[in-house]
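*Asks:*
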Amino acid sequence: MTSEVVAAAPVPVPGRAQRVRELALARQDLRGPLIPILHAVQEELGYVAPADVAVLADVLNLSVAEVHGVVTFYKDFRRTPAGRTTVTICQAEACRSVGAVALAAHAQATTGCGFGETTADNRLTLEQTYCFGNCALGPAVQVGDKLHGRVTPTRLDALLGDAR
Ligand code: FES
């Protein structure tokens with residue numbers, strides 16, 4: 003089962019710019035405010051849109067290039083909306099030693115997505131992380147907000163099927 007990868011631009015959300023400005027203003031006095039603000043935007047609005055970057059640059063008196071550079075440097079920040087369910091596979095050492103690399107390859111082949119990509123039906127986004135703190139039960143995979151341990155390719159197929 004292979005799906006096309008989405009490359010569509012995010013749809014503008016009414017009121018988004020105002021909310022981004024409010025989130026930034028509420029944190030602008032923090033020491034090193036940009037990263038906490040970006041986390042707040044992503045947590046509340048799902049991703050950091052290109053238009054958000056200009057708002058943040060304005061509030062923080064930074065250049066658009068400076069804000070864009072931070073957003074693109076840190077892999078934590080999404081620049082497009084995630085799919086309905088995010089599937090995150092641990093790629094840290096303990097999980098890698100028990101099959102996480104092969105599991106990731108299986109997930110990528112099954113979904114047609116690389117890490118950070120979303121299926122064309124917008125149902126699944128595939129992500130990687132470096133340790134859930136579930137190392138004794140690797141390979142660890144989070145589907146939505148539920149963490150699963152000792153995930154085999156067969157079990158992953160079932161989890162992906164449920165998520166779709
Ligand atoms: S190394 Fe995968 S959960 Fe810790």
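Adding 2 to a residue's 1-based position in the sequence shown gives its number in our numbering. Here a beta-carbon is modelled for each residue, glycine too, at the ideal position from N, C-alpha and C.
Taking the alpha-carbon positions, what's the A152 to L139 distance?
*Replies:* As a working mapping, residue 152 is identified with position 150 in the sequence shown. As a working mapping, residue 139 is identified with position 137 in the sequence shown. In the sequence as displayed, the identity of residue 152 is Arg instead of Ala. Cα-Cα distance, rounded: 5 Å.
*Asks:* Which class does Q130 belong to by DSSP, given the choice of helix, strand or coil?
*Replies:* Numbered from 1 along the sequence shown, position 128 holds the residue referred to as residue 130. Strand at Q130.
*Asks:* Where do the ends of the beta strand (DSSP E) carrying C97 lie?
*Replies:* Residue 97 sits at position 95 when you count from the first residue of the sequence shown. Not the beta strand (DSSP E): C97 falls in the alpha helix (DSSP H), residues 95 to 98.
*Asks:* Going by C-alpha distance, which of T112, S65, A67 is nearest D159?
*Replies:* Indexing the sequence shown from 1 puts residue 159 at position 157. Looking at the Cα atoms, T112 is the closest of the given residues.
*Asks:* Quick one: does the C-beta of R129 sit closer than 7 Å to a heavy atom of the ligand FES?
*Replies:* For the purposes of this step, residue 129 is taken as the residue at position 127 of the sequence shown. For clarity, residue 129 is Glu in the given sequence; the question names Arg instead. Result no, Cβ not under 7 Å from the ligand FES.
*Asks:* For L149, name the three-state secondary structure that DSSP assigns.
*Replies:* Position 147 of the sequence shown holds residue 149. Reduced to three states, the DSSP call for L149 is strand.
*Asks:* Pick helix, strand or coil for V143, following the three-state DSSP scheme.
*Replies:* Position 141 of the sequence shown, counted from the start, is the residue given in the question as residue 143. Strand, per DSSP.
*Asks:* What do you get for T4, buried or exposed, if any count of 16 or more other CB atoms within 10 angstroms of its CB means buried?
*Replies:* Within the sequence shown, the letter at position 2 stands for residue 4. Confidence is the limiting factor: at T4 the pLDDT is only 44, short of 50, which leaves the residue's position unreliable and the question unanswerable from this model.
*Asks:* Straight-line CA distance for G17 to T156?
*Replies:* Within the sequence shown, residue 17 is the residue found at index 15, counting from 1. Within the sequence shown, residue 156 is the residue found at index 154, counting from 1. Cα-Cα distance, rounded: 43 Å.
*Asks:* On the three-state DSSP scale, how would you describe T156?
*Replies:* Against the sequence shown, residue 156 aligns to sequence position 154. T156: helix per DSSP, three-state reduction.
*Asks:* Please confirm if the segment 103 to 110 is in contact with the segment 71 to 83, defined as three or more CB-CB distances below 8 Å between the two stretches.
*Replies:* In short, these stretches do not touch, since the Cβ pair count stays below three.
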